[in-house]
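Trainee:
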Amino acid sequence: MSERLPYRLGFISTDACPEINETPGYDWVKSVIVGTFPYQREKARGRYLPARFAYGQDYHLVLAGKLEEIARSFGLSRYEIRVDRNPFDEKKLAWLAGLGFIGRNTLLITPEYGSFVVLGTILTDRIFSASGQPERSGCGECDACLRSCPTGALTGGFDRVKCLSYLTQTASEEFSKYDVLRDAYYGCDICQEACPHNRGKSGCLPEFVFAPDSVMNLDELEKLDKKTFSEKYGNKNFAWIGYLKMLRNIIVLEANNNNVDNEKIAYFQKKYADVPWFNRHMEYLKKRWKHGPQ
1 MSERLPYRLG FISTDACPEI NETPGYDWVK SVIVGTFPYQ REKARGRYLP
51 ARFAYGQDYH LVLAGKLEEI ARSFGLSRYE IRVDRNPFDE KKLAWLAGLG
101 FIGRNTLLIT PEYGSFVVLG TILTDRIFSA SGQPERSGCG ECDACLRSCP
151 TGALTGGFDR VKCLSYLTQT ASEEFSKYDV LRDAYYGCDI CQEACPHNRG
201 KSGCLPEFVF APDSVMNLDE LEKLDKKTFS EKYGNKNFAW IGYLKMLRNI
251 IVLEANNNNV DNEKIAYFQK KYADVPWFNR HMEYLKKRWK HGPQ
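Here the sequence shown is numbered in our numbering, starting from 1 and rising by one per residue.
Here it is as structure tokens:
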């Protein structure tokens, strides 16, 4: 692996991960190439922002292109590129390839970039030698990430439905859990910000550097609809959640920061009265507001 690469690659044989060949349709795979691709760790300024992995271009599109280049550079003939949507656990594959360890925040923590990385894999019929050995956890007794999580999503094991990142991406009706949102409208970096392994690290792909169009506010969002939202943000990680979930997230953030009143909330509630989950969340916000600003 060249030190000049702005990312790291690791290799494993399917002997190290038997479930790959045991999965229907994947008996042809002999090796997996795993890549860790760093994104910006410095927090940008602006209200409101996504988590850092969504500052730049959609990493699914960026990594698909880079992994294709990598596959061609190795002269692979039969291969399959996977980014995020993967029948196999990408973090486990990266761990098996010796690219880092799995932290108590359930994220892959790499020696070069900390946990501020996105992962991509190439499944191939080419045989590669293993690049490293799985690393033991480097967390020790540290529980900074557990203590930092405002919803307790990491306490007693990872509870996905409590995670703020999950909540910003779904139509959950656990409305009170959204009350702790303050500035991130998509994803969450709180446990990463608390992690000591992320201090003093550097590295970021140019495509993942903060772009001004990642800043979102209610006035601008109100001018859009489902179609124009998709057209404007089609190259962003968060586009897939759709206009209404994004609108819900921004309204919640405005309410949590005392920047929107009941009249405005009622306006959006009426406008999208045919969407039950959205309607009920707006009703929750109105009732909460009656008890005074947060």
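Using N, Cα and C, we set each Cβ at its ideal position, and we do this for glycine too.
Under a three-way DSSP split, which group does Glu207 fall into?
Mentor: Glu207 falls in the helix class under three-state DSSP.
Trainee: Report the option in Gly25, Val34, Arg41, Ile251 whose CA atom is closest to the CA atom of Gly200.
Mentor: Nearest of Gly25, Val34, Arg41, Ile251 to Gly200, Cα basis: Arg41.
Trainee: Apart from the five residues on each side of it in sequence, which residues of its chain come closer than 8 angstroms, Cβ to Cβ, to Leu154?
Mentor: Closer than 8 angstroms at Cβ, skipping near neighbours: Arg104, Asn105, Thr106, Cys145, Leu146, Cys191.
Trainee: Given this structure, state the Cα-to-Cα distance separating Ser2 from Leu67, to the nearest angstrom.
Mentor: Note that Ser2 scores a pLDDT of 42, beneath 50, so its modelled location is shaky and nothing firm can be said.
Trainee: Rounded to whole angstroms, what's the CA-CA distance from Phe175 to Met246? Just pull it up for me.
Mentor: Answer to the nearest angstrom: the Cα atoms are 15 angstroms apart.
Trainee: Between the Cα of Thr30 and those of Leu123, His60, Pro6, spot the shortest distance and give me the residue it belongs to.
Mentor: The amino acid at residue 30 is misidentified as Thr; the sequence shows Lys. Taking only the C-alpha atoms, the option nearest Lys30 is Leu123.
Trainee: Entirely within the stretch 135-209 and at least 4 residues each: give me those alpha helix (DSSP H) ranges in chain order.
Mentor: Listed in chain order, they are 144-148, 164-169, 190-194.
Trainee: DSSP state of Leu49, grouped into three classes?
Mentor: The answer is strand: DSSP assigns Leu49 an E or B state.
Trainee: Find the nearest neighbour of Leu285 within the set Tyr39, Tyr272, Val260, judged by alpha-carbon distance.
Mentor: Considering only alpha carbons, the answer is Val260.
Trainee: Residue range of the alpha helix (DSSP H) that Leu63 falls in?
Mentor: Run containing Leu63: 59-73, per the alpha helix (DSSP H) assignment.
Trainee: For Ala64, which residues in the same chain have their Cβ closer than 8 angstroms to its Cβ, ignoring the five residues on either side in sequence?
Mentor: Cβ neighbours of Ala64 beyond the five flanking positions: Ile81, Val83, Gly120.
Trainee: Relative to the alpha-carbon of Lys43, which residue among Gly56, Ile20, Gly35, Thr36 has its alpha-carbon at the smallest distance?
Mentor: Checking every option, the nearest Cα to that of Lys43 belongs to Gly56.
Trainee: Might you give, ordered along the chain, the residues of its own chain that have their beta carbon closer than 6 angstroms to the beta carbon of Val252, omitting 5 neighbours on each side?
Mentor: Around Val252: Tyr178, Leu181.
Trainee: Could you tell me the boundaries of the beta strand (DSSP E) in which Phe238 lies?
Mentor: Looking at the DSSP string, Phe238 is not in any beta strand (DSSP E), and its letter there is neither H nor E.
Trainee: Tell me, which residues are paired with Val117 by DSSP?
Mentor: According to DSSP, which records beta bridges pairwise, Val117 is partnered with Pro38.
Trainee: List the whole-angstrom C-beta distance separating Leu52 from Phe11, where the pair is believed to meet the contact cut-off of C-beta under 8 angstroms.
Mentor: First, the amino acid is wrong: residue 52 is Arg here, not Leu. The Cβ separation is near 28 angstroms, so there is no contact.
Trainee: To the nearest angstrom, report how far apart Ala273 and Leu164 are at their CA atoms.
Mentor: Rounded to the nearest angstrom, the two C-alpha atoms are 25 angstroms apart.
Trainee: Whose C-alpha, out of Leu49, Lys270, Tyr39, Ile20, is nearest the C-alpha of Asn86?
Mentor: Among Leu49, Lys270, Tyr39, Ile20, the Cα nearest to that of Asn86 is on Ile20.
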